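Protein chains in written order, with this note's numbering: chain A, 1 to 222; chain B, 1001 to 1085. This report refers to the structure that appears directly beneath it.
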Amino acid sequence: MRLTWWKILAIVLLIYTVIAGFLTAVPELNVLHQTIRNLYFHVPMWFAMTLLLSTSAYFSVKYLRTQQAIYDYYAVESVKMGVVLGILGFITGMIWGNYTWNHPLPPDPKIYGAAVSMLIYFAYLILRGSFQNIEQKSKVSAIYNIFAFATFIPLIFILPRFADSLHPGNGGNPGFNAYDLNNHMRLIFYPAILGWFLLSWWIVTLKVRIRKIQNTLQEMHN
Amino acid sequence: MKKSIAFILFFLLFIQNTQAQTVNTTQVEEHSFYNLFTSQGMIYVVVLVLTVILLGIFTYLFYIDKKVAKMEKQLKNHSLDQHKA
């Protein structure tokens, strides 16, 4: 068991998020009421997913430069974990929207951007599955990953701001700053992002270690 | 492990059942667990449930991490033995 400082930090931050997220006072706003506490769970998952996908793009670039398999492992496992977070974020967003916007999937640019980004990364996983040769698989998927990330950022962050959106901070709505009337929510929001990212990174490192073991076992049998 | 989870769940059931009865204030103490958990709209029950879920996930992660570390150690020893031989 590799007991590192950041694993312990992940546990501490997430337990802090859960306890403080429910017990501290939040601004009483009209449509949201207590669901504004979702800001500690739904939103940090999306932020953690963005961080994970950016690290995945970084490892894809590293793989293309050095051709070392370990970077390919990190790239693919980061995308897999990012996709898991994205699906969870999508479902929790639908639940939240169903009771605040009165519709689980309204015609909203950010939701469309998120859905298209999910499809792009699903296609990445399918692309990997279509290759037999490991080196070809790694190279082509690394190139695709970089393009996928370059498309993901505008879809999620830039385009929704120009369109009429329901999401806070986009399309003429006041941003998160308008909700956080006395800055107390930031005290839990930022640690929550870090906690979710560290938890996801723990899972990614575990899966990479398992891949390395499988690789070594395969080499031993050959 | 399973016994402690069962105990906690049983404890929560107990809280929900007694909520229906009228509480005799002379018998219930001022600062009991029951009073704490049923105050503030029973939010503490939610906090406890989520903390238990989180701790369960972390326990599972620790378990997998230990297993993977053991496999890595076995492989390292195996390859060292092979080099020695």
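From the three backbone atoms N, C-alpha and C, an ideal C-beta is built for every residue, glycine too. For clarity, every value in this text was computed on a predicted model and none was experimentally measured.
The count of Cβ pairs closer than 8 Å, one atom from the segment 1063-1077 of chain B and one from the segment 14-22 of chain A, stays below three, leaving the stretches out of contact.
Distance check between I1057(B) and each of L29(A), L14(A), N133(A), L194(A) places L14(A) closest, using alpha-carbon atoms only. Under the Cβ criterion (8 Å, minimum of three pairs), the segment 192-209 of chain A counts as touching the segment 68-85 of chain A.
Within the segment 13-31 of chain A, those residues whose Cβ lies closer than 8 Å to any Cβ of chain B are, in chain order, L14, I15, V18, I19, F22, L23. For I134(A), none of the residues of chain B pass the 9 Å Cβ criterion, the least Cβ distance being about 20 Å.
Beyond the five residues adjoining it in sequence on each side, M49(A) comes within less than 7 Å, by CB distance, of G82, L85, G86, G89 in the same chain, given in chain order. Note that the segment 141-151 of chain A touches the segment 55-66 of chain A; at least 3 beta-carbon pairs, one per stretch, sit closer than 8 Å. Put simply, the CB of L155(A) is far from chain B, with every gap to its CB atoms at 8 Å or more.
Separation of the CB atoms of W96(A) and N38(A) is rounded to 5 Å, and the pair is thereby assigned contact status at 8 Å.
DSSP, read as helix, strand or coil, puts A25(A) in coil. Pairwise C-beta distances place the segment 154-170 of chain A in contact with the segment 100-118 of chain A, as three or more of them are shorter than 8 Å. L1061, F1062, I1064, D1065, K1066, V1068, A1069: these are the residues of the segment 1059-1070 of chain B whose beta carbon lies less than 7 Å from some beta carbon of chain A, given in chain order. Assigned with DSSP and collapsed to three states, H103(A) falls in coil, not helix or strand. R2(A) belongs to the set of residues whose beta carbon lies under 8 Å from a beta carbon in chain B. Residues of chain B whose Cβ lies closer than 7 Å to the Cβ of L206(A) are, in chain order, I1064, D1065, V1068. Taken in chain order, the members of the segment 1031-1057 of chain B whose beta-carbon sits within less than 7 Å of a beta-carbon on chain A are I1043, V1046, V1047, L1050, T1051, L1054.
Note that the C-beta distance between N102(A) and Y124(A) is not below 8 Å. Taking a Cβ-Cβ threshold of 9 Å, none of the residues of chain B is close to T92(A); the smallest such distance is about 14 Å. Among the residues facing chain A, L1080(B) is not included, as its CB has no counterpart in that chain under 8 Å away.
I120(A) and A150(A) have their C-alpha atoms some 11 Å from each other. The Cβ of T35(A) sits no closer than 8 Å to any Cβ of chain B. For the set Y73(A), A163(A), Y99(A), the Cα lying nearest the Cα of Q214(A) is the one of Y73(A).
For K212(A), same chain residues with a beta-carbon under 8 Å away, outside a window of 5 residues either side, are I70, Y73 in chain order. Taking F122(A) as the centre and dropping the five residues before and after it, the same chain places the C-beta of V83 closer than 8 Å to its C-beta, in chain order.
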